[in-house]
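Position one of the sequence shown corresponds to residue 66 (this note's numbering), numbered consecutively onward.
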Amino acid sequence: MISIGIIGGSGYLGKKLIQFCESHPFVDDYEIYGFNSSGENLFSISPELANTTFDKKVKNISELSLNLDLYFVSLPHGESLNIVPSLIDNGKKVIDLSGDFRLNNSDLYPEWYGFEHSFPEFLKQKVYGLSDVVKNESYTSNLISNPGCFATAALLSIIPIVEQYNKKIVSISVNGYSGSSGAGKSPRVDLLLSELDGNVMAYNVHKHRHEPEILQELNSRGFNSHFTFSTHLLPIAVGIYSTSTIHLSNNVDQKKIEETYSNFFAESQFVRLRNTPPQLKWVVGSNFCDINISTRKNSIIITAAIDNLIKGGAGQAIQNMNKLFNWDESTGIVPYGVKNAQLYK
Ligand SMILES: NC(=O)c1ccc[n+]([C@@H]2O[C@H](COP(=O)([O-])OP(=O)(O)OC[C@H]3O[C@@H](n4cnc5c(N)ncnc54)[C@H](OP(=O)(O)O)[C@@H]3O)[C@@H](O)[C@H]2O)c1
Numbered sequence: 066m067i068s069i070g071i072i073g074g075s076g077y078l079g080k081k082l083i084q085f086c087e088s089h090p091f092v093d094d095y096e097i098y099g100f101n102s103s104g105e106n107l108f109s110i111s112p113e114l115a116n117t118t119f120d121k122k123v124k125n126i127s128e129l130s131l132n133l134d135l136y137f138v139s140l141p142h143g144e145s146l147n148i149v150p151s152l153i154d155n156g157k158k159v160i161d162l163s164g165d166f167r168l169n170n171s172d173l174y175p176e177w178y179g180f181e182h183s184f185p186e187f188l189k190q191k192v193y194g195l196s197d198v199v200k201n202e203s204y205t206s207n208l209i210s211n212p213g214c215f216a217t218a219a220l221l222s223i224i225p226i227v228e229q230y231n232k233k234i235v236s237i238s239v240n241g242y243s244g245s246s247g248a249g250k251s252p253r254v255d256l257l258l259s260e261l262d263g264n265v266m267a268y269n270v271h272k273h274r275h276e277p278e279i280l281q282e283l284n285s286r287g288f289n290s291h292f293t294f295s296t297h298l299l300p301i302a303v304g305i306y307s308t309s310t311i312h313l314s315n316n317v318d319q320k321k322i323e324e325t326y327s328n329f330f331a332e333s334q335f336v337r338l339r340n341t342p343p344q345l346k347w348v349v350g351s352n353f354c355d356i357n358i359s360t361r362k363n364s365i366i367i368t369a370a371i372d373n374l375i376k377g378g379a380g381q382a383i384q385n386m387n388k389l390f391n392w393d394e395s396t397g398i399v400p401y402g403v404k405n406a407q408l409y410k
């Protein structure tokens, strides 16, 4: 049994982490830390949690206990950096859900995140926790960096092709679509229902922080061709839809590509291969990533859907915790999906 600190427990991902910790058979207890909400009761922040757990006070981050076994850090980017290094230096295990440790190269932080990275050594020692791809034996670090939500959907869509057909790839283009909860719970005018309703727009064109993260993971697998990434805001609260278009230098066979994906995800409990493009409604509220592949001549279109707060955040973080502690990766996630789900078409 382990004890957990949920730092940023008053946020959107924090609430999901609380729900998962509450139902996890190996989590003994957890403490919740917040910023502006410190001193408030959990049930006043999230009334829907009443009768699903005991009420607790949200503690201030400055009162952080070092007596816990694992810390989920779910703070705005730039803030995790102020906390994670001292936890690691104190021998603690940390799963960071922000972008502060995702990139390997500290030089990229000023351009993409707007700050100098003061702890480049931690970027090298972390494990990038794309949990359906990283093998159990690779969880050798106390620091796991949880991937971004767009990056999760894109990488699960593309990595199988990159690993198998790398030399033949001419270009990859990823279009991502997100609901408004992807931006967290701080109020913003452009996220008001009256602005979103009936509307769709591209945002952060050529500037989205998940671009260098996706490229880093593709480059590390030998990919070096053209890549573009664009993101759009949908008039919904939860969900990410990702459409990737890949051009190869030669024609490809649908059956062969399907076989590549089936083999790649044969052991995965949370990736479901579909015979039609997935719908957001099939995955919202679950830790599943649903993927469909369609080939014609030399082009491949891969569609994928995830819940940004679960597969793209808290659910994947729990999967990472399970792998870090050598438990079955679906432990405690079962209420959000069927254990040992079969891959099916
Ligand atoms: N939302 C998603 O879909 C998603 C998916 C994957 C990763 N992420 C990343 O995960 C992190 C958390 O996202 P979220 O959506 O849960 O955000 P959120 O709803 O805005 O919650 C942010 C949390 O951080 C705390 N906080 C805010 N400002 C702070 C500060 N200056 N110093 C210390 N703590 C502060 C807040 O505490 P108070 O409320 O008490 O002030 C709250 O608990 C972000 O880095 C985000 O990029 C988000």
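Glycine is no exception: its CB is placed at the ideal position from the N, C-alpha and C atoms.
Contact test: residue i Cβ vs ligand 1 heavy atom, cutoff 6 angstroms
i: S64; result: In the structure displayed, the chain extends from 66 to 410; residue 64 sits before or after that span and is not available.
i: H273; result: no
i: S210; result: no
i: H297; result: no
i: F100; result: yes
i: K411; result: No answer is possible for residue 411: it lies beyond the span of the chain, which begins at 66 and ends at 410.
i: L173; result: no
i: C354; result: no
i: S75; result: yes
i: S307; result: no
i: C86; result: no
i: L313; result: no
i: L78; result: yes
i: N269; result: no
i: L374; result: yes
i: G378; result: yes
i: L345; result: no
i: H89; result: no
i: G397; result: no
i: G143; result: no
i: S245; result: no
i: L257; result: no
i: S163; result: yes
Own chain residues within Cβ distance below 8 angstroms of residue i, not counting five before or after
i: T205; result: V192
i: K410; result: Here K410 scores only 42 on pLDDT, less than 50, and its place in the model should not be relied on; the value that follows carries that caveat. Here the set comprises E323, L338, R339, N340.
i: L408; result: Residue placement at L408 is flagged as unreliable, the pLDDT there being 46, under the threshold of 50; a coordinate-derived value is accordingly withheld.
i: A406; result: Confidence is the limiting factor: at A406 the pLDDT is only 48, short of 50, which leaves the residue's position unreliable and the question unanswerable from this model.
i: N269; result: T296
i: V254; result: E260
i: K157; result: L131, L133, D134, L135, Y136, N207
Among the options, nearest to residue i - alpha-carbon criterion
i: S359; options: T368, F353, S351, Y242; result: T368
i: N147; options: I72, Y230, N340; result: I72
i: V235; options: N391, L114, I311; result: I311
i: G378; options: I69, L82, G70, M66; result: L82
i: E128; options: F100, S139, P141, F119; result: F100
i: S163; options: I224, L256, A248; result: A248
i: I383; options: P277, I398, I67, E176; result: I398
i: P343; options: V317, I305, K250, P175; result: I305
i: D318; options: S246, I365, H273; result: I365
i: E282; options: R253, E202, R167, S246; result: R167
i: N116; options: Y178, Y136, F137, S88; result: S88
i: L173; options: L114, M386, H275, S151; result: H275
i: M44; options: S251, G244, E278, K250; result: A question about residue 44 goes unanswered here, because the residues of the chain that appear run from 66 up to 410.
i: E278; options: W177, K121, S111; result: W177
Near ligand 2: residue i beta-carbon under 6 angstroms from a heavy atom
i: I226; result: Of the ligands one can find in the structure shown, namely ligand 1, none is ligand 2.
Own chain, CB closer than 7 angstroms to residue i, minus 5 neighbours either side, in chain order
i: S46; result: Lying before the first or after the last residue shown, residue 46 is absent from the chain, which here runs from 66 to 410.
i: F288; result: V227, N231, I234
i: Q190; result: S206, L208
i: L280; result: F292
i: K321; result: none
Residues of its chain near residue i, where Cβ-Cβ distance is below 6 angstroms and the 5 sequence neighbours each way are ignored
i: D262; result: P300
i: V123; result: S75, I97, G99, S102, S103, E105
i: P141; result: none
i: W347; result: D355
i: S309; result: S222, I223, V239, I367
i: S314; result: K233, V235
i: S68; result: D93, D94, L133, D134
i: G143; result: F180
i: H273; result: T296
i: N155; result: L131
Proximity of residue i and residue j at Cβ, strictly below 7 angstroms
i: G79; j: S139; result: yes
i: A219; j: S285; result: no
i: D165; j: S196; result: no
i: Y136; j: L114; result: no
i: N387; j: G194; result: no
For this session: Mind the definition here: the stretch 293–301 touches the stretch 239–248 only if three or more C-beta pairs lie below 8 angstroms; say whether that holds.
Result: Look at the beta carbons and you see the stretch 293–301 touching the stretch 239–248: at least three pairs across the two are nearer than 8 angstroms.
Problem set entry | contact_flag[the stretch 385–393, the stretch 350–365] where n(CB pairs < 8 angstroms) is 3 or more | no
Exercise. Counting Cβ pairs, one atom from each stretch, are 3 or more of them under 8 angstroms apart for the stretch 206–222 and the stretch 155–162?
Worked result: yes
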